[in-house]
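Per my numbering, the sequence shown starts with residue 30, numbered consecutively.
Before any comments, here is the structure.
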Amino acid sequence: MTFKQKIHQYYLQLVQDRIDVFKDMIVALTEDSKNDAKGSAGDKHETALSMMHIEQEKLNTKLREVLAQKVVLDKIDAANVSKSIIVGSLIRANGIYLYLSVALPKISVDEVSIIALSPQSPLGNKLLGNEVGFTFEINSTKYLIQEIS
């Protein structure tokens with residue numbers, strides 16, 4: 030398994046873990062609301078039920094976002110290597126590793142830090158379509174693309 034494939038697997042697992050957590054939280058809230066509905070009456074009950082529904086909507090929104098991230102990751106062929114930067118490229122610029130996929134937390138694989146960024150982000154957008162040797166500047170720091178895999 031290549032370094033890029035390890036990174037891709039790590040992010041797939043991270044997103045799947047988030048999906049599982051959100052689904053578990055939604056199920057727990059649904060169970061709580063069913064149990065609460067059996068033994069309560071009055072304004073307090075209505076308020077509690079309303080709060081649970083609001084919380085459930087928030088969790089459903091977060092779940093949809095993470096599912097959308099998984100769709101993007103599932104479409105990436107981590108074995109594919111391109112000369113120019115595409116979605117799924119692992120880029121080394123100024124010694125920093127960037128994984129152009131979706132915006133996800135910074136991770137460490139084989140003691141190397143990797144930042145996952147979305148092609149819609151300002152940096153991701155600037156990188157798309159460029160090749161090794163391309164230089165760019167962000168926040169008055171100059172970057173050089175050293176490697177694409």
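From the three backbone atoms N, C-alpha and C, an ideal C-beta is built for every residue, glycine too.
In this text the structure is predicted, and so the values were computed from the model without any measurement.
Residue interval of the alpha helix (DSSP H) (run including residue i)
i, result
"P151", "P151 to L156"
Terminal residues of the beta strand (DSSP E) in which residue i lies
i, result
"T31", "First-last for T31: undefined, no H or E at that position."
"V131", "Note, V131: premise wrong, no beta strand (DSSP E); not H, not E."
"I120", "L119 to A122"
"S142", "V141 to L146"
Separation of residue j from residue i, as counted between CA atoms
i, j, result
"G117", "D139", "19 Å"
"K171", "F163", "11 Å"
"T59", "V131", "30 Å"
"N168", "D72", "53 Å"
"L78", "S62", "6 Å"
Reduced DSSP category for residue i - H, G, I as helix; E, B as strand; rest coil
i, result
"I174", "strand"
"V50", "helix"
"V44", "helix"
"V116", "coil"
According to DSSP, residues forming a beta bridge with residue i
i, result
"A107", "Looking at the DSSP assignment, A107 forms no beta bridge with any residue, so it has no partner."
"T164", "L173"
* To do: Check whether the segment 87-103 touches the segment 35-54, taking contact to mean three or more Cβ pairs, one atom from each stretch, closer than 8 Å.
  => yes
* Asked: Does the segment 80-94 come close enough to the segment 108-122 that 3 or more CB-CB pairs lie under 8 Å?
  -> no
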